[in-house]
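Quick note, the sequences are listed as chains A and B, same order.
Counted from 1, the first sequence has number 29 at position 29 by my numbering; the numbering is strictly sequential.
To convert a position in the second sequence, counted from 1, into my numbering, add 547.
Virtual Cβ for every residue (Gly too), placed ideally from N, Cα, C.
Everything numeric in this text was worked out from a predicted model, so none of it was measured.
There are 2 protein chains.
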Amino acid sequence: MTHLLDAPEAFAEQALQGFCAIHPRLVRAVPGGVLRATATPAGKVAVVIGGGSGHYPAFAGYVGPGFADAAVAGDVFASPSTRLVHDVAARAHRGGGILLGFGNYAGDVLNFGAAAERLRSEGIDVRVLPVTDDIASAATHEIARRRGVAGDVAVFKIAGAAAEAGLSLDAVELVARAANDRTRSFGVAFGGCTLPGAAGPLFAVPGGQMGIGLGIHGEPGIGESPIVPASELAALLVRRLLEEAPEGAGSRVAVILNGLGSTKQEELFVLWGSVAAELREAGLTAVAPLVGEYVTSLDMEGCSLTFTWLDDALEAFWLAPCDTAALRIGAVGEVAPAEETEAERGLAGPSSLPLWPAASPQSQASGRIIAGGFARLAAALKEAEADLGRIDAQAGDGDHGQGMARGSAAAAAAAQAASKAGAGAASVLAAGANAWADRAGGTSGAIWGLGLLAAARALSDTASVTADRVRLAAEQALESVMTIGGAKPGDKTLVDALAPFVASLSAETSAGCGAALAWRRSAEVAANAAEATAQLRPRLGRARPLG
Amino acid sequence: MTHLLDAPEAFAEQALQGFCAIHPRLVRAVPGGVLRATATPAGKVAVVIGGGSGHYPAFAGYVGPGFADAAVAGDVFASPSTRLVHDVAARAHRGGGILLGFGNYAGDVLNFGAAAERLRSEGIDVRVLPVTDDIASAATHEIARRRGVAGDVAVFKIAGAAAEAGLSLDAVELVARAANDRTRSFGVAFGGCTLPGAAGPLFAVPGGQMGIGLGIHGEPGIGESPIVPASELAALLVRRLLEEAPEGAGSRVAVILNGLGSTKQEELFVLWGSVAAELREAGLTAVAPLVGEYVTSLDMEGCSLTFTWLDDALEAFWLAPCDTAALRIGAVGEVAPAEETEAERGLAGPSSLPLWPAASPQSQASGRIIAGGFARLAAALKEAEADLGRIDAQAGDGDHGQGMARGSAAAAAAAQAASKAGAGAASVLAAGANAWADRAGGTSGAIWGLGLLAAARALSDTASVTADRVRLAAEQALESVMTIGGAKPGDKTLVDALAPFVASLSAETSAGCGAALAWRRSAEVAANAAEATAQLRPRLGRARPLG
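Laid out in C-alpha cells, this is it:
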C-alpha cells in the first residue's frame, strides 16, 4: 500500500523532486526527468534511460558518472511522453550521439522511438535499445517481444560504462546490444501492488501462492504454484535461466537478485545462499552480484533473478566504477559540477511559449467548438476513470483510466487556452493533441495524441471547417492510429469504433450531408459498433509492441 | 509477509551467511556476527554494534572502513547472547578498547552489559552505549529509558568515524555519547510485520490509521490517528522533533528519513520534499540527509524521522568517508584485506571443545536426572510455544515462545551431551544453562541462563546432591534472577513463581524433608502462585531496562 502522498496525480513528480533534493551532488531536476549534476566531457555518448515511475531505483537512481547521463520519468507505470523523452535527451546530448535505453513496453517503444525520430530530424545520431530480458513474457523464438525487467540495470550499467570509457556511439550500441542479447531474467510474485491513491490493489496473488513470471505491472505470467522454500525457489529460478542461456555462454555471469518492493533484504540474503550454491553446482561464477532492490514495482512482493553471461569486455564494463544514488562501484573520484550547455539554454526559457498562427473568424469559431468538444470528452472520461482502470487491471496495468482522464483534461485545458488566445481550428486541435500526448503518458496517450495531431493537419486556421475537411481529418486520424498502434479492425482496440465512424462519416458527407449531422449520425454508428464488440476491453490504443 | 525462507529458526543465520557471501570485500562471517574483511590498524578503538536480526541494514550493513568494526546478530527480534557479543567483540578487538553500541532494549542492555563485564575481566577496556533516540518511548525527563531506533545509525556512524580518526576510547565514548544526547527520532506505522514462518502478523495497525510512535517490534506508541497527507505528516514529525531539541541545539542537523521495510523509497522522496520545506522554514540546514531504509523491522510499513543536532566535531564525523554495504560516503580508497589476529585464533578451533571435570558416580547419576529434567522442560515449552508467543505479542514483541522453546531445546541437548560424556551434576546443569543463554536470545534467555548458572555453582561434580545443596541452588538462582532482571515479587515476572518455590523448598528441607519430595511439594506451591497471579503475563524475565 502506498501511504505517503499528497495527491495521486502529483506522486511521480513529487517523488522525483524529492529525490533530486536529496542527491544534488549527483543529479539535477529538469522537466520530465533528471540530468547528471556532474560534468561530462564534450563528445561523450549520452546514455539516456527511462520509463514509468514507481520502479525506483529505476531509473533516476542510476544517473551519475559511470552509468546513465539522464533519466526520463513518466507518471506511475506510464511511459513518459515523446516530448519529455526528446527534451531530456536533447539536454543530455554532448555531441557524441545518444543511446536511448528502456524496457520493451509498447508505450516506451512508441514514445522513445518517436523521440528518437525527432532528435534525428534535428541532426542528432540516436540509437534505441529496448531491453528484453524477461523470459516469462514471450517464447524463446520471440525474444524481441519480451519485456524488460531488472535486466535493464545490467544492460544500462554496461552501456553506461562503455560510454564513460569514451567509445563511439556505434561501439556503445554494439556493447549494449550484446549485453541485452546475453541477459535473462525470471521472477515470482507473492503479492501485487497498489497505485498511489487507489482504493485497492492493481492486481493480487492468492494467499500462499506465487505468480510465476508475473510482470511488474501485473502482466500475466506463466502460472501459479504454492510458495516453496527458498532453496527450491532458487533451484527453479536458476534452472529456468540456465535453460535460456544464450549462444556462446561462458561460465562467468553478472547476477542481480532483485526485490520487487516489499520483499525484505534479509529474505533476499537467505535466497542468495541457495542461488549461490546452485550457481557453484552449475559451474558458474557470479561476478560482483547485486542483491537488493534494483527495479521495483511500488509495494509489490516478490523477486527476480537476472543473469548476464559475460565475455571479457562485458565483464570489464560490469565491474567499472560508477557513482549513482542506487549503485556505487569502486572509486570514481571527484567530478566537477556540470555547467548548462547551449542546447539546454535553447530548451529552457520563455521562447517556448506557443504563439498561434493568425486565424480567420470562422476558423476561430470552429476552434471554440473543438475546445468545447475536448471539455465534454474530458468530463466523460473523468466519470469513466474508475471503470476504465478496473477493467484495465484485468488485462493490463490498471492505469488506463488515470491516463485517459489526465490526458483529456490536459487536452481540454490546452485547447481552451489556445482558443481564448485566438487560435484557429487546426491550432486548437493540435494544442489539445500535444497536451494529451504529453500528459497522458502510456501507449494510449501517445496514440490519442498522434491520432488527433493527424486530424489537425487536415484542418486549417483560416479556411472554414467543411464537411469534406472533417471527413479527411477523421480518415487521417484513423490511418495514423492504425499505423502507430499496429492494430486493425477486430483487434478489440479503439479502431473497432473509429473505423465504422470514419466509414459512416465518408458515406454521409459523400451523400451531401452537413458536417454536424454527419458527425452525430457517425457517432451513433461508432457507439453501436463498440457495443457490438462483445467484450470490448479498454485497450484503446494498447496495441502490440511495435517491431 | 516474509516469503523467502527455508526454516523459520534458521532465517537469521541464513540471512547473515547470504549477506556475507555477497560482500566478501567488506565483511566476513564469524559465529554470531560479522567482522570487517578489511585491515584495521593495531590500537584502533573497535566499534562493535548489534542487536536482533530483522532490522537490516542494522547492523551488519554498517560494518566497514569508517563505520563499525563488527556487528553481532541475534535471532529475529532477539538480542544476541552474552557469549556471542563477547566472542564477536573479542575478535574485533585490536588493542585500543571496545565501544559496544546497541539500541536501548532490555535484552540488549543485559547481554551487551554482561559481555562487557566479561571482556573487562579479561583485561579489555570496554564502554557500552545504549542509544535512546525514540522520543515516543518515554518522557523527556526519562530519556535513559527511551528505545533506540534509526538514531542508532547516526550515533554509530559518528562513533565509527571518531574511532577511524584514531581517537582514544575515552574520546570515542565522549563523541558517541554527545551524538546520542543530540539525537531524536519520531515515527509512524501504517502496518505491522510478520515473523518468518508465523501464520499471522506480530502486530497490526487498523486500515486507514497510523500508529504514532509505534515501536519497531510493535511496542506501544502514543496514539493512533487517521493517515494524513505527506505534507501534514512531515509537519507533525518535524514539529515533535523540534520540541525535543537538546540543549545548545544549533541550526545544522544530520537527518535520516527512514523506511521501516515495506514503505517505498519513492514515498519517502515525496515525504522528503515536505520535510525539507519544514526544515527550511524552521531555519535548519539538513546536512547530508539520508532517505531510505536504514533501520527496518521486517516488512513493517511506516517511517521515522531522525535529527542529530550537530556541532563542528559531530558534523565532521557525520560527513567523514565510510564504505559499508548499506552506506557509502566519499572515497575511502583501497584497504587491504584483514589478517586473522592471535585473539581470533584463540577463539576458533577445536581447543574450545568442552572437557568435563572428573565426576563421582553419584554426581553423574544426579547429572542424568538433571538432563532428564531439561528434556521434560523442553517438551513442555515446545507445547506452550504458540501460546506464549501469542500472549507476548500483546505485551511485547511476540518472540517469547520461540525463544523459550529454542533455549530449552538447546539446554536439553547440551545437558544430555554432557551427561553422556560423563559430566557431574554441576557441569550438566552449567552446560544446559550456557546453551540456554546462548541460543534462546532475548532478555529472558539471558536471565534463565544466568539463573541456572548460579544454581549450578551450588552443586558439585563430586559430592552428592543433598537437599541442602538443592535449596542453596534454588536460592542462588532466585537471587541471580532478581539482581539481573531488576524484578521483585509482584512485578508479574518469573519471580512470582520462583520466590514461593524457593521459600517452600527452604521450609521443607529445614523440616528434614528429602530433596525429591521437597522439590515436588515446592513445585506445586509455585504452580499455585502462578495461577494466583491473575493475569500473569509471559514476561518471565522481561524486566525493565537496567540502569
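Among the residues facing chain B, A/ALA320 is not included, as its CB has no counterpart in that chain under 8 angstroms away. Exposed is the label assigned to A/GLY207, since fewer than 16 other Cβ atoms lie within 10 Å of its Cβ. Put simply, the CB of B/GLY601 is near chain A, with a gap under 8 angstroms to one of its CB atoms. Under the three-state reduction of DSSP output, B/ASP859 falls in the helix class.
A direct Cα-to-Cα measurement between B/GLY698 and B/TRP1066 gives close to 48 angstroms. Membership of B/PRO773 in the beta strand (DSSP E) is indicated by the continuous run 770 to 773.
With a cutoff of 8 angstroms on beta-carbon distance, A/LEU99 and A/VAL27 are scored as not near each other. Listed along chain B are MET548, HIS550, each with a C-beta nearer than 7 angstroms to that of A/GLU301.
The C-beta distance from B/ALA725 to B/VAL719 rounds to 11 angstroms, too long to meet the 8 angstroms contact threshold. In the three-state reduction of the DSSP assignment, B/GLY1032 falls in the helix class, which pools H, G and I. Rounded to whole angstroms, the separation of the alpha carbons of A/THR2 and A/VAL30 is 25 angstroms. Looking at the DSSP output, A/CYS303 bridges to A/VAL188, A/GLY259. B/GLY992 is positioned such that its CB atom lies no closer than 8 angstroms to that of B/SER1027.
Under the rule that a run must span 4 or more residues, no alpha helix (DSSP H) segment is found entirely inside the stretch 51 to 84 of chain A. In this structure, A/VAL72 sits near A/LEU84, with a CB-CB distance shorter than 8 angstroms. Contact annotation: in the stretch 942 to 966 of chain B, no residue has its CB less than 8 angstroms from a CB in chain A. Counting of Cβ neighbours within 10 angstroms places A/ILE158 among the buried residues, the total reaching 16 or more. Judged by DSSP secondary structure, A/MET210 falls within the beta strand (DSSP E) whose first and last residues are 209 to 212.
Under DSSP, A/CYS322 shares a beta bridge with A/ILE329.
With a 10 Å radius around the Cβ and a threshold of 16 neighbouring Cβ atoms, A/HIS141 comes out exposed. Residue pairing by DSSP places A/GLY103 opposite A/VAL131 in a beta bridge.
With a cutoff of 8 angstroms on beta-carbon distance, A/ASP299 and B/LYS811 are scored as near each other. With contacts defined as CB atoms closer than 8 angstroms, A/LEU305 and A/LEU257 qualify as a contacting pair.
Contact between the stretch 356 to 368 of chain A and the stretch 417 to 437 of chain A is present: 3 or more CB-CB pairs across the two stretches fall below 8 angstroms.
For B/VAL838, the enclosing beta strand (DSSP E) begins and ends at 832 to 839. At least one beta carbon of chain A lies nearer than 8 angstroms to the beta carbon of B/ARG875. For A/LEU271, the residues of chain B that pass the 8 angstroms Cβ criterion are LEU551, GLY565, in the order they occur in the chain. For A/LYS264, the C-beta contacts it makes with chain B under 7 angstroms involve THR549, GLY808, LEU845, ASP846, in order along the chain.
Listed along chain B, the residues sitting closer than 9 angstroms to A/ALA230 by beta-carbon distance are HIS550, LEU551, LEU552, ASP553, GLN561. In this structure the stretch 109 to 126 of chain A does not touch the stretch 56 to 69 of chain A; the number of beta carbon pairs closer than 8 angstroms is below three. If you check the CB distance, B/THR679 and B/ASN651 come in under 8 angstroms. Interface flag for A/PRO289 against chain B is set, since a Cβ pair is found closer than 8 angstroms. The beta carbon of A/GLU267 sits closer than 8 angstroms to some beta carbon of chain B. At least one C-beta of chain A is nearer than 8 angstroms to the C-beta of B/PHE558.
Take A/GLU301, set aside five residues on each side of it, and the residues of its chain with a beta-carbon closer than 6 angstroms to its own are PHE190, GLY191, SER262, THR263, in chain order. Contact between A/ALA458 and A/ARG469 holds: CB atoms are separated by about 6 angstroms, below the 8 angstroms threshold.
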